[in-house]
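This report concerns only the one structure given below.
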Amino acid sequence: MGVLLDSFNLARRDLLIESRRAYEILSTVFFAASATILISLAWGTPISITIEEAAASLWIIIFFTSILLFTTSFAREMDRGTIGGLRTIPSSPFAILLGKVIYSIVLMLLVLGVLLPLSIVFLNVQPTLKIFELLLILTVGVVNLSFAGSFVSSIVMYSEGKTLLLPFLLFPISMPIFVPALLSTEKVLRGLTFAEYSGELRLLGAFLVLVVMIAVFSFETILEE
Amino acid sequence: MNRYAVECNDISKQFGHFYALRKVTLNIEAGDIIGVLGHNGAGKSTFLKIIGTHLSPSSGTVKILGKDVKKERIEVRRNIGFLGHTSFMYDELTVEENLHFYGRMFSLNEDAREKKIDEVLELVDLDRCRHVEIKKLSHGLKKRSDLARIFLHSPTVLILDEPFSGLDEAAVKLLVEALKSQSGSTILLSSHTFELVKNVCTRIFVFREGEIMSDTKGS
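Quick note, the sequences are listed as chains A and B, same order. Counting in this note's numbering, the first sequence runs from 1380 upward without gaps. Counting in this note's numbering, the second sequence runs from 121 upward without gaps.
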């Protein structure tokens, strides 16, 4: 309970800071929106975009948008020296990471809130009854990506070349997220049943458990100066 | 009740081949005000960061109020206040918002937080700036807001790394008064300036190349 409460307090602070720097989140949302429109234009007309292309486009946009968020996650704390403040608070190191994860999830869900309606218009995603299943998969993928991205962000925060290192490390690490998320998104868009994409969801769940385990055992060392 | 607030036993800190601290052993009695002096690179900050749980020693043990800083880190942190070289306050938040955040992290409930925030802002004479964003404050006022942060959870051990740097005379005087008002707290502060430390501290350690060169009584 203490870990969760601390994490929510940390995420709340980050979101309050983000609200004072609204231009940053607006630029991320704008990036997602413009990428959607550009991809649509590149394929001619939205009606000609296939289900495979729509699913791939969605996850490519989500991946690149998330990089914009993760580059500021722990890096900003490091650059401004406030990481020292996190080392003074009596919270478990995992609570600190979880705080950043919750903050990333909230921002990514905000991006999804814009991306999803735009994808219906520009990526030929059909607003069928499966929209809640699609939301579920996107959310599970985003949660996974937020854990992996926040963890990688903490690893690279000490490096001078963190803006280069983050996508460099996140790309291979997020492959086990990207592939099942993409496949299950495609299956949902095809109208397949839960049983037919539950395997991919299990893979996402297993990867999440793995990332959490690694973070629990290693984050204390990473956080230490 | 421990006689010693801080117990360091044979602590060393190594960064690669470089020894920042070498086999430092010392005990600090509760209520002492300790000055840590030394040139740049002498090991002052490393020593304070180890006591402040920011760094782990490569070897040796450190106990704060009888608790091991490595094994009981969270408990130790509840009892210490750490003022670093840089401000730990968030630029986009006001002084009050920052203090509320840190208060929440130290499990102070809302009523206790409100009361304590009023108290610490008065102590550092910053009440008039409570609704001002940190980024709009001068260096000295930022430092005062950071001081308010470390007093917030009434820590028993205060660790201040170069607290006087960049402060004008009035701010130094205010800081000294604030420190003196913390009766019963054990205070460790580092500085380059002997004169300042001599007037405030009850015991002074001089560091050189990661070792304690002298241990003398202060004022």
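Cβ atoms here follow ideal geometry from the backbone N, Cα and C, with glycine treated the same way. Since the model is a prediction, treat every value here as computed from it, not as a measurement.
Selected residue, minimal CA-CA separation from residue i, among the options
{"i": "residue 131 of chain B", "options": "B/292, B/188, B/158 and B/216", "result": "B/188"}
{"i": "residue 1567 of chain A", "options": "A/1383, A/1425, A/1516 and A/1390", "result": "A/1516"}
{"i": "residue 284 of chain B", "options": "B/277, B/222 and B/297", "result": "B/297"}
{"i": "residue 289 of chain B", "options": "B/316, B/175, B/255 and B/217", "result": "B/316"}
{"i": "residue 260 of chain B", "options": "B/251, B/292 and B/272", "result": "B/292"}
{"i": "residue 323 of chain B", "options": "B/337, B/268 and B/158", "result": "B/337"}
{"i": "residue 1443 of chain A", "options": "A/1565, A/1578 and A/1521", "result": "A/1521"}
{"i": "residue 225 of chain B", "options": "A/1414, A/1574, A/1485 and A/1469", "result": "A/1469"}
{"i": "residue 160 of chain B", "options": "B/140, B/232 and B/203", "result": "B/140"}
{"i": "residue 275 of chain B", "options": "B/258, B/327, B/212 and B/228", "result": "B/228"}
{"i": "residue 1599 of chain A", "options": "B/146, B/174, B/181 and B/126", "result": "B/174"}
{"i": "residue 279 of chain B", "options": "B/134, B/149 and B/200", "result": "B/200"}
{"i": "residue 147 of chain B", "options": "B/165, B/184, B/137 and B/207", "result": "B/184"}
{"i": "residue 1433 of chain A", "options": "A/1414, A/1448 and A/1450", "result": "A/1414"}
{"i": "residue 142 of chain B", "options": "B/170, B/125, B/207 and B/151", "result": "B/170"}
{"i": "residue 319 of chain B", "options": "B/306, B/335, B/300 and B/243", "result": "B/300"}
{"i": "residue 1447 of chain A", "options": "A/1409, A/1507, A/1495 and A/1561", "result": "A/1409"}
{"i": "residue 1431 of chain A", "options": "A/1551, A/1503 and A/1556", "result": "A/1503"}
{"i": "residue 212 of chain B", "options": "A/1390, A/1593 and A/1395", "result": "A/1395"}
{"i": "residue 1597 of chain A", "options": "A/1476, A/1523, A/1559 and A/1482", "result": "A/1476"}
Residue i - DSSP class collapsed to helix/strand/coil
{"i": "residue 155 of chain B", "result": "strand"}
{"i": "residue 1457 of chain A", "result": "helix"}
{"i": "residue 327 of chain B", "result": "strand"}
{"i": "residue 1542 of chain A", "result": "helix"}
{"i": "residue 269 of chain B", "result": "helix"}
{"i": "residue 336 of chain B", "result": "strand"}
{"i": "residue 1468 of chain A", "result": "coil"}
{"i": "residue 185 of chain B", "result": "coil"}
{"i": "residue 1452 of chain A", "result": "helix"}
{"i": "residue 180 of chain B", "result": "strand"}
{"i": "residue 1570 of chain A", "result": "coil"}
{"i": "residue 246 of chain B", "result": "coil"}
{"i": "residue 222 of chain B", "result": "helix"}
{"i": "residue 175 of chain B", "result": "coil"}
{"i": "residue 160 of chain B", "result": "coil"}
{"i": "residue 1534 of chain A", "result": "helix"}
{"i": "residue 209 of chain B", "result": "coil"}
{"i": "residue 1553 of chain A", "result": "coil"}
{"i": "residue 1559 of chain A", "result": "helix"}
{"i": "residue 1528 of chain A", "result": "helix"}
{"i": "residue 1386 of chain A", "result": "helix"}
{"i": "residue 1518 of chain A", "result": "helix"}
{"i": "residue 1484 of chain A", "result": "helix"}
{"i": "residue 286 of chain B", "result": "coil"}
Segment limits, beta strand (DSSP E) that includes residue i
{"i": "residue 193 of chain B", "result": "It is not in any beta strand (DSSP E) - residue 193 of chain B instead sits in the alpha helix (DSSP H) that spans 193-198."}
{"i": "residue 1579 of chain A", "result": "Element bounds for residue 1579 of chain A: not the beta strand (DSSP E) but the alpha helix (DSSP H), 1573-1602."}
{"i": "residue 190 of chain B", "result": "Where residue 190 of chain B is concerned, there is no enclosing beta strand (DSSP E), given that its DSSP letter is neither H nor E."}
In DSSP terms, what residue i is bridged to
{"i": "residue 148 of chain B", "result": "B/126"}
{"i": "residue 1564 of chain A", "result": "Looking at the DSSP assignment, residue 1564 of chain A forms no beta bridge with any residue, so it has no partner."}
{"i": "residue 134 of chain B", "result": "B/139"}
{"i": "residue 201 of chain B", "result": "B/278"}
{"i": "residue 253 of chain B", "result": "B/214"}
Residue i, enclosing alpha helix (DSSP H) - first and last residue
{"i": "residue 1407 of chain A", "result": "1401-1421"}
{"i": "residue 310 of chain B", "result": "That residue, residue 310 of chain B, is in no alpha helix (DSSP H); its beta strand (DSSP E) goes 306-311."}
{"i": "residue 1504 of chain A", "result": "Here residue 1504 of chain A belongs to no alpha helix (DSSP H), and DSSP marks it neither H nor E."}
{"i": "residue 167 of chain B", "result": "164-171"}
{"i": "residue 229 of chain B", "result": "Unbroken run through residue 229 of chain B: none, as it is neither H nor E."}
{"i": "residue 295 of chain B", "result": "289-300"}
{"i": "residue 314 of chain B", "result": "314-320"}
Counting only Cβ-Cβ distances shorter than 7 Å, please list the residues of the segment 229-258 of chain B near chain A, keeping chain order. none
Residues from the segment 1394-1416 of chain A in contact with chain B, defined by Cβ distance under 8 Å: 1395, 1396, 1399 and 1400
Got a sec: which bits of the segment 1466-1497 of chain A sit with their beta carbon under 8 Å from any beta carbon on chain B, in order along the chain? 1466, 1467, 1468, 1469, 1470 and 1471
Members of the segment 1442-1469 of chain A that neighbour chain B once the beta carbon cut-off is set at 8 Å: 1459, 1460, 1461, 1463, 1464, 1466, 1467, 1468 and 1469
Using a beta-carbon distance cut-off of less than 9 Å, what residues from the segment 140-167 of chain B approach chain A? none
Chain-ordered residues of the segment 286-316 of chain B with a beta carbon less than 9 Å from chain A: none
Using Cβ-Cβ distances below 7 Å, what residues of the segment 188-203 of chain B are close to chain A? 194, 197, 198 and 202
Any C-beta of chain A within less than 9 Å: which residues of the segment 167-187 of chain B qualify? 169, 172, 173, 174, 175 and 176
Would you list, in chain order, the members of the segment 214-225 of chain B that have their beta-carbon closer than 8 Å to a beta-carbon of chain A? 217, 221, 222, 224 and 225
Return the residues of the segment 270-286 of chain B that lie within a Cβ-Cβ distance of less than 7 Å from chain A, sorted by chain order. none
Taking beta-carbon pairs under 7 Å, can you tell me which members of the segment 1523-1555 of chain A lie near chain B? none
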